[in-house]
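4 is the number of the first residue of the sequence shown in the numbering used here; add one for each residue after it. Please read the structure below before turning to the comments.
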Amino acid sequence: MATNTPAYRELLATCTEANAILVAVSKTKTPEDIQALYNLGQRDFGENCVQELVEKQQILPSDIRWHFIGHLQSNKVKYIASFVHLIHGVDSEKLLKEINKQGAKNNRVIKVLLQVHIATEETKFGLDEGELASLLNHELLLALPNVSVVGLMGMASFSPDMKLVEKEFSTLATLFHHHKKNEEAGYKMDILSMGMSGDFKLAMACGSNMVRIGSLIFGARG
Ligand SMILES: *Cc1c(COP(=O)(O)O)cnc(C)c1O
């Protein structure tokens with residue numbers, strides 16, 4: 004399905020007004036679909052499959068900022084380490100260390116977000132509050148100079164209960180501000196990535212400054 008240009012423009016205006024970065028989630032969409040949105044000025048794109056991301060990156064313009072938004076396996080970091088702009092879903096020390104290793108090999112610092120588990124569903128990945136606090140450890144992070152934690156990411160429950168979704172977003176925003184206030188050497192709390200097609204307005208109202216939106220722009224995925 005082709006890009007919904009009016010929906011995209013409206014979304015972009017909403018994001019600009021709220022000072023939020025719009026990541027266009029292009030998973031399963033063709034390079035032509037991505038190029039069409041690129042031609043409208045979009046530069047941030049999100050993918051959740053390593054192989055698909057690598058194939059698209061090779062043929063699409065080099066100034067695209069590629070966001071990896073899925074669950075990343077440690078053994079696949081090497082395929083995207085040379086070019087990925089931001090990895091959203093980091094939820095273990097093991098993965099953080101592997102990203103650091105591959106960052107060093109590629110002579111760059113790779114930016115990441117730590118994923119926090121805020122949904123009631125058990126299937127969603129992410130850290131709990133305690134695990135988050137122990138990963139935001141000054142000594143651990145200073146020992147990993149080729150990975151840079153720049154914020155948090157979370158996914159709310161897939162639920163029509165907007166009170167529940169709001170509570171989950173607020174929980175994440177509170178954690179974000181708490182760790183921002185106590186920011187120490189080794190990490191930054193600049194980016195709060197939360198909100199998708201169905202809940203981005205609520206996410207922004209709760210303080211999100213980066214939304215990841217697919218179906219609203221590209222139409223439903225088959
Ligand atoms: C697919 C996906 C999105 C986008 O979902 P839409 O409902 O199509 O906007 C956002 N974030 C993550 C992590 C995703 O996997």
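For every residue, glycine included, the Cβ atom is placed at its ideal position computed from N, Cα and C.
Terminal residues of the beta strand (DSSP E) in which residue i lies
i           : result
residue 180 : Unbroken run through residue 180 is the alpha helix (DSSP H), 165-184; no beta strand (DSSP E).
residue 207 : First-last for residue 207: 203-208, but that is the alpha helix (DSSP H), not the beta strand (DSSP E).
residue 118 : 113-119
Beta-carbon gap between residue i and residue j smaller than 8 angstroms
i           : j           : result
residue 216 : residue 28  : yes
residue 165 : residue 205 : yes
residue 117 : residue 130 : yes
residue 81  : residue 54  : no
residue 157 : residue 192 : no
residue 72  : residue 49  : yes
residue 47  : residue 83  : no
residue 96  : residue 77  : no
residue 178 : residue 119 : yes
residue 132 : residue 161 : no
Whole-number beta carbon distance between residue j and residue i, since they are thought to touch under 8 angstroms
i           : j           : result
residue 150 : residue 194 : No, residue 150 and residue 194 are not in contact; Cβ-Cβ is about 15 angstroms, not under 8 angstroms.
residue 52  : residue 32  : Actually they are not in contact, since the Cβ atoms of residue 52 and residue 32 sit about 12 angstroms apart, beyond 8 angstroms.
residue 3   : residue 168 : Here the chain has residues from 4 to 225 only, and residue 3 is not among them.
Check: residue i C-beta below 7 angstroms from any heavy atom of ligand 1
i           : result
residue 168 : no
residue 121 : no
residue 165 : no
Residue i, DSSP secondary structure in three states
i           : result
residue 219 : helix
residue 72  : coil
residue 50  : strand
residue 25  : strand
residue 30  : coil
residue 66  : coil
residue 95  : coil
residue 57  : helix
Residue range of the alpha helix (DSSP H) that includes residue i
i           : result
residue 83  : 80-83
residue 137 : 132-138
residue 155 : That residue, residue 155, is in no alpha helix (DSSP H); its beta strand (DSSP E) goes 150-157.
residue 14  : 8-20
residue 145 : 141-145
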